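Quick note: the sequence shown uses our numbering, first residue 35, plus one each step.
The C-beta atom is built at its ideal place from N, Cα and C for all residues, glycine as well.
It should be emphasised that the depicted structure is a prediction, and the values quoted were computed from it without experimental measurement.
Have a look at the structure below, then the notes.
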Amino acid sequence: MKNNPFLQYLDDHFVDDAKHLKEQFNKYAALIEEHNKVQNLTALDPSEYDEKHFLDCLLLNETYPFRNETLLDIGSGAGFPGLVLAIVYPKLKVTLLEPMRKRCSFLNTVIKELELTNVEVINKRAEDYVVEKRGEFDLVTSRAVSSLSIMLELSVPFLNINGSALMMKGRNYNAELADAENAIYLLKVEVGKTDMHFLPSDGSMRVNARFIKKGSTPKKYPRPFAQIKKNPL
């Protein structure tokens, strides 16, 4: 049997729970494959889910020591990384923020089938939801949703002071970081731990970066999304 880096990672890092977690992720993968036939959840082949979805998300474990905290996942899609983290860290209180109704329906199906009690799904855009939840989360995650500058403007207002935005990026991270210099200054965050990984199958580069909120976010942020997209900070 071909070595599976994701299953090996579970064995190595979640020893006591590895068997249960493998069962949970098998169910999750089957649900993705089933629902992907009628809605666009992922372009990947099912054989790639373990490494390029599950392991990819779980590598955030090496950038941040997850504890009993509140986490908001912006643009969760099929649940990456928020739902993956909720499965392996049951003490995390996870909110999956997803603007597409059909994807929210899928996420709720997974939550029900896996009997998860630490996750909720919100069908809203980030710039609308922040009106209700400004400064209320310990952690915000996003996986390659938009440029770093845009994602920081959408993410940081949700954080409490000393909260962390955990950004999952790719090979263009250094260029995005340079472009985000002004956003980092205006949003009062500092760059924390940054980890680079290469996926085993094809060597794809992944960068997970932590940004720590050090001051109150000015009330004018986030701006309307059309303005954010047209004129990033």
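Ends of the beta strand (DSSP E) at Asn194?
For the purposes of this step, residue 194 is identified with residue 160 of the sequence shown, where counting begins at 1. Counting along the chain, the unbroken beta strand (DSSP E) around Asn194 starts and ends at 193–203.
Pull up the DSSP beta-bridge partners for Met230, would you.
For the purposes of this step, residue 230 is identified with residue 196 of the sequence shown, where counting begins at 1. Note: Met230 sits in a beta bridge opposite Val241.
Distance, Ile195 Cα to Ser250 Cα
Position 216 of the sequence shown, counted from the first residue, corresponds to residue 250. Position 161 of the sequence shown, counted from the first residue, corresponds to residue 195. Rounded to the nearest angstrom, the two C-alpha atoms are 7 Å apart.
Evaluate the contact criterion for the stretch 99–116 versus the stretch 45–54: three or more CB pairs, one atom per stretch, below 8 Å.
As far as the Cβ criterion goes, the stretch 99–116 does not touch the stretch 45–54, which means the pair count is below three.
Is DSSP giving Glu68 helix, strand or coil here?
Within the sequence shown, residue 68 is the residue found at index 34, counting from 1. Here Glu68 carries a helix assignment [DSSP, helix/strand/coil].
Rounded to whole angstroms, what is the Cα-Cα separation between Leu188 and Tyr255?
In the sequence shown, counting from the first residue as 1, residue 188 sits at position 154. In the sequence shown, counting from the first residue as 1, residue 255 sits at position 221. Roughly 8 Å between the two C-alpha positions.
Sorted by chain position, which residues of the same chain lie with C-beta nearer than 8 Å to Gln73's C-beta, five sequence neighbours on each side aside?
Stepping through the sequence shown from its first residue, residue 73 is reached at position 39. Cβ contact annotation for Gln73 (same chain, cutoff 8 Å, sequence separation greater than five): Lys136, Arg137, Phe140, in chain order.
Out of Ser183, Asp172, Glu96, which has the shortest C-alpha to C-alpha gap to Leu220?
Position 186 of the sequence shown holds residue 220. Among Ser183, Asp172, Glu96, the Cα nearest to that of Leu220 belongs to Ser183.
Could you check if Glu210 is buried or exposed, using at least 16 other CB atoms within 10 Å of its CB as the buried criterion?
Within the sequence shown, the letter at position 176 stands for residue 210. By the neighbour-count criterion, in which 16 or more other beta carbons inside 10 Å mark a residue as buried, Glu210 falls on the buried side.
Alpha carbon to alpha carbon, what distance is there between Lys125 and Glu103?
Here residue 103 refers to the residue found at position 69 when the sequence shown is read from its first residue. Here residue 125 refers to the residue found at position 91 when the sequence shown is read from its first residue. Just so you know, the alpha carbons of Glu103 and Lys125 end up roughly 7 Å apart.
Enumerate, from N- to C-terminal direction, the unbroken alpha helix (DSSP H) stretches of 4 or more residues contained entirely within the stretch 71–123.
Runs of the alpha helix (DSSP H) inside the stretch 71–123: 116–122.
If Lys193 and Lys247 are in contact, beta carbons under 8 Å, what's the gap, nearest whole angstrom?
Residue mapping note: residue 193 aligns to position 159 of the sequence shown, counting from 1. Residue mapping note: residue 247 aligns to position 213 of the sequence shown, counting from 1. Looking at the sequence shown, residue 193 is not Lys but Leu. Their Cβ separation, rounded to whole angstroms, is 4 Å, which keeps Leu193 and Lys247 in contact under 8 Å.
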